[in-house]
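**Student:** Protein chains in written order, with the working numbering: chain A, 11 to 305; chain B, 124 to 467.
There's a structure below that I have some questions on.
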Amino acid sequence: MTDQHASGTSGTQQGDIAPGGSSVPVIEVRDIGKSYGFVIALTGVSTSVRAGEVTCVLGDNGAGKSTFIKILAGAHTHTEGSLLIDGEEKTFSSPRSALDVGIATVFQDLAVVPLMPVWRNFFLGSELTTGFGPLRRLDVDTMKTTTASELSAMGIDLRDVEQPIGTLSGGERQCVAIARAVYFGARVLILDEPTAALGVKQSGVVLTYIAKARKRGLGVVFITHNPHHAYPVGDRFIILRRGKSMGDFAKSELSLDDLTSMMAGGTELESLAHELELTMGKLSPVVQEMQADVT
Amino acid sequence: MATATVVDERVARTSSLTKVLKRPESGALVAAIVIFAFFATTTDTFATASGASTWLRGASTIGIMAVAVALLMIGGEFDLSAGAITGFTGLVVGVLTTEYGLNIWAAILVSLVLALAIGALNGILVMKTGLPSFIVTLGTFFVLQGVDLAGTKALIGQVAIQGMAEVPFYDQPKAIFGSSVDILGGAVYASVFWWIAVTAIATWVLLRTRAGNWIFAVGGAQVSARQVGVPVLKAKVGLFMTTAGAGWLVGMLLLFTTSTVQSNTGVGQEFIYIICAVVGGCLLTGGYGSAIGAAFGALIYGMVNQGIVYSGWDNNWLRAFLGAMLLGAVLLNEWVRKRAETTR
Numbered sequence: 011m012t013d014q015h016a017s018g019t020s021g022t023q024q025g026d027i028a029p030g031g032s033s034v035p036v037i038e039v040r041d042i043g044k045s046y047g048f049v050i051a052l053t054g055v056s057t058s059v060r061a062g063e064v065t066c067v068l069g070d071n072g073a074g075k076s077t078f079i080k081i082l083a084g085a086h087t088h089t090e091g092s093l094l095i096d097g098e099e100k101t102f103s104s105p106r107s108a109l110d111v112g113i114a115t116v117f118q119d120l121a122v123v124p125l126m127p128v129w130r131n132f133f134l135g136s137e138l139t140t141g142f143g144p145l146r147r148l149d150v151d152t153m154k155t156t157t158a159s160e161l162s163a164m165g166i167d168l169r170d171v172e173q174p175i176g177t178l179s180g181g182e183r184q185c186v187a188i189a190r191a192v193y194f195g196a197r198v199l200i201l202d203e204p205t206a207a208l209g210v211k212q213s214g215v216v217l218t219y220i221a222k223a224r225k226r227g228l229g230v231v232f233i234t235h236n237p238h239h240a241y242p243v244g245d246r247f248i249i250l251r252r253g254k255s256m257g258d259f260a261k262s263e264l265s266l267d268d269l270t271s272m273m274a275g276g277t278e279l280e281s282l283a284h285e286l287e288l289t290m291g292k293l294s295p296v297v298q299e300m301q302a303d304v305t
Numbered sequence: 124m125a126t127a128t129v130v131d132e133r134v135a136r137t138s139s140l141t142k143v144l145k146r147p148e149s150g151a152l153v154a155a156i157v158i159f160a161f162f163a164t165t166t167d168t169f170a171t172a173s174g175a176s177t178w179l180r181g182a183s184t185i186g187i188m189a190v191a192v193a194l195l196m197i198g199g200e201f202d203l204s205a206g207a208i209t210g211f212t213g214l215v216v217g218v219l220t221t222e223y224g225l226n227i228w229a230a231i232l233v234s235l236v237l238a239l240a241i242g243a244l245n246g247i248l249v250m251k252t253g254l255p256s257f258i259v260t261l262g263t264f265f266v267l268q269g270v271d272l273a274g275t276k277a278l279i280g281q282v283a284i285q286g287m288a289e290v291p292f293y294d295q296p297k298a299i300f301g302s303s304v305d306i307l308g309g310a311v312y313a314s315v316f317w318w319i320a321v322t323a324i325a326t327w328v329l330l331r332t333r334a335g336n337w338i339f340a341v342g343g344a345q346v347s348a349r350q351v352g353v354p355v356l357k358a359k360v361g362l363f364m365t366t367a368g369a370g371w372l373v374g375m376l377l378l379f380t381t382s383t384v385q386s387n388t389g390v391g392q393e394f395i396y397i398i399c400a401v402v403g404g405c406l407l408t409g410g411y412g413s414a415i416g417a418a419f420g421a422l423i424y425g426m427v428n429q430g431i432v433y434s435g436w437d438n439n440w441l442r443a444f445l446g447a448m449l450l451g452a453v454l455l456n457e458w459v460r461k462r463a464e465t466t467r
C-alpha cells in the first residue's frame, strides 16, 4: 500500500519483457495444501505467478479453487508445502499481510456501494484529504481526476465519474474494482470468477481488462470454471479437481481442446466450445483486441 | 486512448436543470416554495415578519432533529428515541437545578453526557446484537418516556419544571439557547441560527469529509464498506451519538426559550423527524439523502403547522397533510432513486 504509483510506472517496463520474461515469480507455491482437521481440502498444488503474466486457476465447483485463492489472499493459512513471495518463504496471517506485499483480491461481490458515485467508490476507505484538524476535508478534485485517469488507463471510458456506480454494467463495475486494486498498489490481482455472473459480451469486456492489467505489468490470478474465458488471456494454467492439482502448464504446452477436456472430462462443455467466437464473431473488436494481446 | 479529463464532452447532454432536479432535496425545495406562496397569498399574517418569526421558530427545533435523523437514515438506521431525548435532557437540567441546586452549566454538561451515553448505547446495542435499530430504539424510547414521566414525578412531585428562571446564572445559557434578535420587526430566535448552523455543518460533513463518505457507504452497502476498510462500528455509533447530541441541543433550546419543560416533551415527535427527512429526499433503506433536504422538510412542517392556524382551519388537518406529504415523498424518492440507478 505504500508505493501507490509504483505499479503504474514500473508496469510499462515490465510489460515489455513479459510474458515470461521476469526471472523471479512474484508468487510461487510448491506442493501447497490445506487441511481442516481430517478433511483435506487441497493438496500438492504447485504453480507460479509472474509480473506481466496471467495464471488461470480452473476447476469445477468444489475442486478447491476457493481454498487455493484464500491461501494466496491471506484469508487461510496453508498447512503443507510452501508459499514464496519474491523468492522468499512467507506465511500470511491475514488478508492485510497479503495486501502489504501487494496481493489484492477482487471478490465476486466487488465491494462497491451502488448508490455512490464512481469516484467515491474508487476511493472509499482510502479517501484523499486536504487541510488539517476540523477543516480536514475530501480532496474532491484530485480524487475525481485520478479516478477518471486511472479508469481511462485501464481503457474504461466513463462519461461522468459522478454517476452512481450502480448505473454501470456488471463488467464495468468489475473493471472499476480491478482499477481500484491496481491504483492502491497491487502487484498481483486475484480475480475470483470475475466472469461468472456476466453475459458473453460483458465477459469479453472483462477479459480485455485482464489483458490490459497484464500489459501494465501486473501478475494476475484468474479463477474461472470456463476454459474459453481462460485460454485467450492466460499464460499459465493450473487445473484443480477434487482438491488435487491436475497439472500446471504453460500455454505452449496445451491447446484449448486439451484444456477443456482436462477440466470436465470433455462432456457438456464440448457444446460450448466456440461460444465466444460464435456469439461475438471472429471480427468483433473485443475478440480481435484479445487476440492482439495474446500474440 | 485520449487523456482523461473530469469533464467529458458527453456530459453536456444533461442540462444543468436536470442535474439540479436530480438532487435528493429538490423535491422538498419546490414543495416549500409552493407552500410558502400559497399561505403568503391566502392569509394576511403568514408573510409578515412576526408571522414568519413564529413558523421559523417552530421549524427550527424540528429541523435540527430532522437533519440529525437524516444523517442517521442515510447511514441506514432509525432512532425512535430521538423525540423523547429532547424532553429527557431538558428535564435533567430542570430537576438538577431547581430541585438539587446544581450549577446550571454543570447540569447542562451532565445532560449532554447522559444524552451521548444513551446514543452510544443505542448504537452499540444495534451493532452488537444485529437487531434492527427500529426495535432497539423503540425500546429506549419507551424506557426514556417512562423515566421522563415517572422519574420527574417521583423527584419533584410535578410533571413540569417550574421556577427555572430563578436559577442562578439562568441568563447565561438563556442568551445562547433562548434569546431572540429583532430582524425587520420580527423576533428571530436563537434556535433558528442553531438550525442553520447545524444544517450547514451536517451538509459539509456529509459531502466533503471522510466521515460523510462513510455514512453513505455504511447505509448503502455495509458489507462492502467493511471490506474496503470503512470503520462501520465507529461510523454507526457516531451517528447515534450525533442524533442524541442533537436531541440534547433541542432540549436546551426548548428549555431556555420557554423556561419550562413538560415530562412528555418530544414524545410523538420522532416520526415527524423521520417524515421531514424522507420529504427531504432520504431513502428509508439508507445510502441516499441530504441534510439540507431534511431542513427543507422541517421548513414545510413549520409553515403548514402555522399556516393552518392563520387560515383558521382545524389544526388537526396538519396530521392528514403530513401523511399525504410522506406518501408523496416516498413515491418521488423511489422514482428518483430508480432513475439514479439506471440513467446511463
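The C-beta atom is built at its ideal place from N, Cα and C for all residues, glycine as well.
Give me the Cβ distance between B:F211 and B:S256, rounded to the nearest whole Å; I'm assuming they're in contact under 8 Å.
**Tutor:** Not quite, the Cβ-Cβ distance comes to about 18 Å (not below 8 Å), so this is no contact.
**Student:** Are the beta-carbon atoms of A:I113 and A:V198 separated by less than 8 Å?
**Tutor:** yes
**Student:** Measure the C-alpha to C-alpha separation of B:V143 and A:L228 and round it to an integer number of angstroms.
**Tutor:** When only Cα atoms are considered, B:V143 and A:L228 end up about 41 Å apart.
**Student:** Let me know if B:F162 comes out buried or exposed under the rule of 16 or more other beta-carbons within 10 Å of its beta-carbon.
**Tutor:** Classification for B:F162: buried.
**Student:** For the segment 343-353 of chain B and the segment 169-188 of chain B, state whether three or more C-beta atom pairs, one from each stretch, are separated by less than 8 Å.
**Tutor:** no
**Student:** Tell me which residue opens and which closes the beta strand (DSSP E) that B:G241 is part of.
**Tutor:** Reading off the sequence, residue 241 of chain B comes out as Ile, not Gly. For B:I241, there is no enclosing beta strand (DSSP E); the enclosing alpha helix (DSSP H) covers residues 227-252.
**Student:** If you reduce the DSSP assignment to three classes, tell me which class B:R460 lands in.
**Tutor:** B:R460 falls in the helix class under three-state DSSP.
**Student:** Residues in the segment 141-152 of chain A with C-beta within 9 Å of chain B's C-beta atoms, listed in sequence order?
**Tutor:** Listed by position along the chain: R146, R147, L148, V150, D151.
**Student:** Going by other Cβ atoms of all chains shown within 10 Å of its Cβ, with 16 needed for buried, is B:A344 buried or exposed?
**Tutor:** Note on B:A344: 16 or more other CB atoms within 10 angstroms of its CB, so buried under the neighbour-count rule.
**Student:** Along chain A, in chain order, which residues have C-beta atoms closer than 9 Å to that of B:S149?
**Tutor:** Those within 9 Å of B:S149 in chain A number zero; the least Cβ separation is about 16 Å.
**Student:** In or out: A:N236 buried (at least 16 other Cβ within 10 Å) or exposed?
**Tutor:** buried
**Student:** At which residue ranges does the segment 210-275 of chain A contain complete beta strand (DSSP E) runs of 3 or more residues, listed in the order of the chain?
**Tutor:** 229-234, 246-251, 254-260
**Student:** For chain B, is any of its Cβ atoms less than 8 Å away from the one on A:V122?
**Tutor:** yes
**Student:** Express the C-alpha separation of B:M426 and B:A400 in angstroms, rounding to a whole number.
**Tutor:** 16 Å
**Student:** For B:A163, name the three-state secondary structure that DSSP assigns.
**Tutor:** helix
**Student:** Any idea which residues DSSP pairs A:L93 with across the strands?
**Tutor:** A:V39, A:K100
**Student:** Grab me the residues of A:T156's own chain with a C-beta within less than 6 Å of its C-beta, minus the 5 sequence neighbours each way, in chain order.
**Tutor:** Once the five neighbours on either side are set aside, A:T156 has no close Cβ partner at all.
**Student:** The segment 352-367 of chain B: which residues have C-beta closer than 7 Å to a C-beta of chain A, in chain order?
**Tutor:** G352, V353
**Student:** Taking buried to mean at least 16 other C-beta atoms within 10 Å of its own C-beta, is B:V459 buried or exposed?
**Tutor:** buried
**Student:** So which residues of chain B does A:L82 contact, with C-beta pairs closer than 8 Å?
**Tutor:** By Cβ distance, chain B contributes nothing, its closest Cβ being about 17 Å from A:L82, past 8 Å.
**Student:** So B:G206 packs on B:E393, CB below 8 Å; how close in whole Å?
**Tutor:** About 4 Å separates the two Cβ atoms, so the contact holds.
**Student:** Quick check on B:Y223: does DSSP put it in helix, strand or coil?
**Tutor:** In the three-state DSSP reduction, B:Y223 falls in the coil class, being neither helix nor strand.
**Student:** Quick one: residues in its chain with C-beta nearer than 7 Å to the C-beta of B:V236, no 5 flanking neighbours on either side, listed in chain order?
**Tutor:** none
**Student:** Between the C-alpha atoms of A:R252 and A:V39, what's the straight-line distance to the nearest angstrom?
**Tutor:** 18 Å
**Student:** Using a Cβ cut-off of 8 Å, pull out every chain B residue sitting near A:E137, in sequence order please.
**Tutor:** R333, N336
**Student:** Of the residues A:L138, A:T87, A:L161, A:M256, which one's Cα is nearest the Cα of A:V150?
**Tutor:** A:L138
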